[in-house]
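Heads up, the thing below is written out as structure tokens.
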């Protein structure tokens with residue numbers, strides 16, 4: 005065999021090894037991300053039962069509102085989690101944060117499934133539930149950005165957006181799985197069984213995913229970018245990013261994360277509720293229509309990643325911001341028509357635009373920050389946007405209808421946020437596709 009053939013074999017072997025390693029990292033990161041959104045789905049679906057068990061009240065609606073308030077606690081604690089876990093990722097490595105977040109989320113989710121009710125232990129029950137949701141929120145505050153950083157920093161430079169779609173795609177799959185699990189339990193158990201123990205099953209079973217995710221993540225190495233960062237720190241010739249550069253990166257991150265977060269929660273949290281309460285569709289019909297749109301969302305994520313790797317980030321994120329600005333009102337007009345064909349068309353347009361914001365959010369979290377402050381900056385910018393603008397989105401949408409009586413008014417908030425984000429990104433966001441993400 006010639007020298008050239010031996011060389012070709014070695015290169016092919018190295019390429020295969022690299023591909024296996026990237027796939028292993030994608031699986032490890034995807035499982036943890038799946039867990040985060042699975043919990044999001046099942047808590048929302050069983051909010052009524054959780055409210056009745058942990059916040060019993062004779063006043064109509066108080067128990068449900070209390071459980072939803074606890075749901076909101078997870079959003080409020082996200083920035084705190086970012087403040088704690090973000091710097092940890094810059095000092096100790098991306099892998100360290102991923103192990104902490106997946107373990108913390110999994111344990112808290114399982115304990116929620118095992119918590120005694122108010123009837124059994126009194127006021128301690130809601131206090132413990134609030135504490136667990138607070139810790140979960142902190143873990144989520146580190147998971148999304150850290151998972152995105154890890155998978156994108158591990159990917160070849162020409163496949164970074166495609167790698168980012170692993171994070172966004174598994175989130176969509178998890179929400180589908182959570183919705184399907186809750187629907188199956190609801191249809192196969194009586195109300196009494198569901199109240200007594202059925203709602204607890206998906207929470208407790210999540211410990212299996214936790215064990216698998218921790219096992220796999222512990223066996224991972226850190227990212228090539230972080231390993232290069234460690235080497236650069238040992239050099240005396242590195243310069244820290246300027247305060248102006250940090251400020252610009254933070255503002256840019258806040259903008260594209262707000263665009264993503266507001267549109268996502270409108271799509272996966274509010275749309276189904278709107279079709280039931282405002283449009284008057286049967287709950288099962290609304291659920292099937294929104295689930296079908298979510299399937300499309302999952303399918304287009306890797307396609308968007310491939311397109312972005314070919315044409316860049318700036319064009320796509322500005323397209324999505326402009327699209328949501330211009331289409332928000334037509335989308336709600338079609339939803340409110342009650343016509344199935346128009347509703348499907350609206351949800352499909354919405355799904356594609358949200359998918360673009362999602363993939364761009366993950367890849368840009370990596371590309372707009374230098375490696376030395378990436379974990380801290382990405383976590384803070386992303387989670388502050390979600391806590392301040394995205395988390396309250398569904399509540400604001402419902403409040404707008406209540407205040408005006410106009411079922412199209414939720415489009416106003418989505419339009420305003422999208423237009424503002426478009427204006428900010430137009431000025432602050434350069435094309436980042438070819439950025440050196442190893443730069444200090």
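Numbering (the numbering used here), first residue to last: 5 to 444. By construction, the Cβ of each residue, glycine as well, lies at the ideal position given by its N, Cα and C atoms.
- Between the beta-carbon of residue 102 and that of residue 47 there is about 22 Å, and that puts the pair past the 8 Å contact cut.
- Here DSSP, grouped into helix, strand and coil, assigns residue 210 to helix.
- DSSP places residue 274 within a helical segment (H, G or I) once states are collapsed to three.
- A check of alpha carbon separations from residue 283 across 343, 139, 221 and 261 identifies 343 as the nearest.
- Judged by pairs of C-beta atoms under 8 Å, the segment 179-199 does not touch the segment 325-345, as fewer than three such pairs exist.
- The three-state secondary structure of residue 232, taken from DSSP, is helix.
- A buried status is given to residue 265, since no fewer than 16 other beta-carbon atoms sit within 10 Å of its beta-carbon.
- Listed in chain order, the beta strand (DSSP E) elements of length 3 or more contained wholly in the segment 247-331 amount to none.
- Around the Cβ of residue 25, a 10 Å sphere holds fewer than 16 other Cβ atoms; the residue is exposed.
- By the Cβ-count criterion, residue 278 is buried, with 16 or more other Cβ atoms from all chains shown falling within 10 Å of its own Cβ.
- A residue is called buried when at least 16 other Cβ atoms come within 10 angstroms of its Cβ; residue 238 does not meet this threshold and is exposed.
- DSSP places residue 25 within a helical segment (H, G or I) once states are collapsed to three.
- Looking only at 360, 316 and 200, the smallest Cα-Cα distance to residue 434 is reached by 316.
- Positions of the alpha helix (DSSP H) runs, each at least 4 residues long and wholly inside the segment 91-167, are given as 98-118, 122-125 and 128-158 in order along the chain.
- Of the residues 268, 377 and 331, the one whose Cα lies closest to the Cα of residue 230 is 377.
- Within the same chain, 110 come within 6 Å of residue 214 by CB-CB distance, once the 5 residues on both sides are set aside.
- The segment 396-413 makes no contact with the segment 289-304, as fewer than three CB pairs between them are under 8 Å.
- Here residue 244 is exposed, its C-beta having fewer than 16 other C-beta atoms within 10 Å.
- For residue 199, there is no enclosing alpha helix (DSSP H), as DSSP marks it with neither H nor E.
- Distances from the CA of residue 313 to each of 325, 253 and 162 were compared; the closest alpha carbon is that of 162.
- A distance of 8 Å or more separates the beta carbons of residue 267 and residue 144.
- Nearest Cα to residue 85 within the set 410, 146, 50 and 44: 146.
- Straight across, the Cα-Cα distance linking residue 33 with residue 280 is about 35 Å.
- A distance below 6 Å between beta-carbons, with the five flanking residues on each side excluded, links residue 233 to the following residues of its chain, in chain order: 375.
- Going by DSSP, residue 345 is part of the alpha helix (DSSP H) stretching over 344-371.
- Rounded to the nearest whole angstrom, the CA to CA distance from residue 217 to residue 175 is 15 Å.
- DSSP places residue 406 inside the alpha helix (DSSP H), whose first and last residues are 397-408.
- Within the model, the alpha-carbon separation for residue 379 versus residue 286 is close to 44 Å.
- Apart from the 5 residues on each side of it in sequence, residue 116 sits with its Cβ closer than 6 Å to the Cβ of 136 and 207 in its chain, given in chain order.
- Taking 8 Å as the cut-off, the Cβ atoms of residue 398 and residue 258 do not count as close.
- Under the three-state reduction of DSSP output, residue 443 falls in the coil class, being neither helix nor strand.
- By the Cβ test, the segment 355-370 is in contact with the segment 246-262, since at least three Cβ pairs between them sit closer than 8 Å.
- Per DSSP, the unbroken alpha helix (DSSP H) holding residue 387 starts and ends at 378-389.
- Burial is judged here by how many other beta carbons sit within 10 angstroms of a residue's own beta carbon; residue 324 has at least 16 and is buried.
- Counted as a single uninterrupted DSSP element, the alpha helix (DSSP H) harbouring residue 55 occupies residues 51-58.
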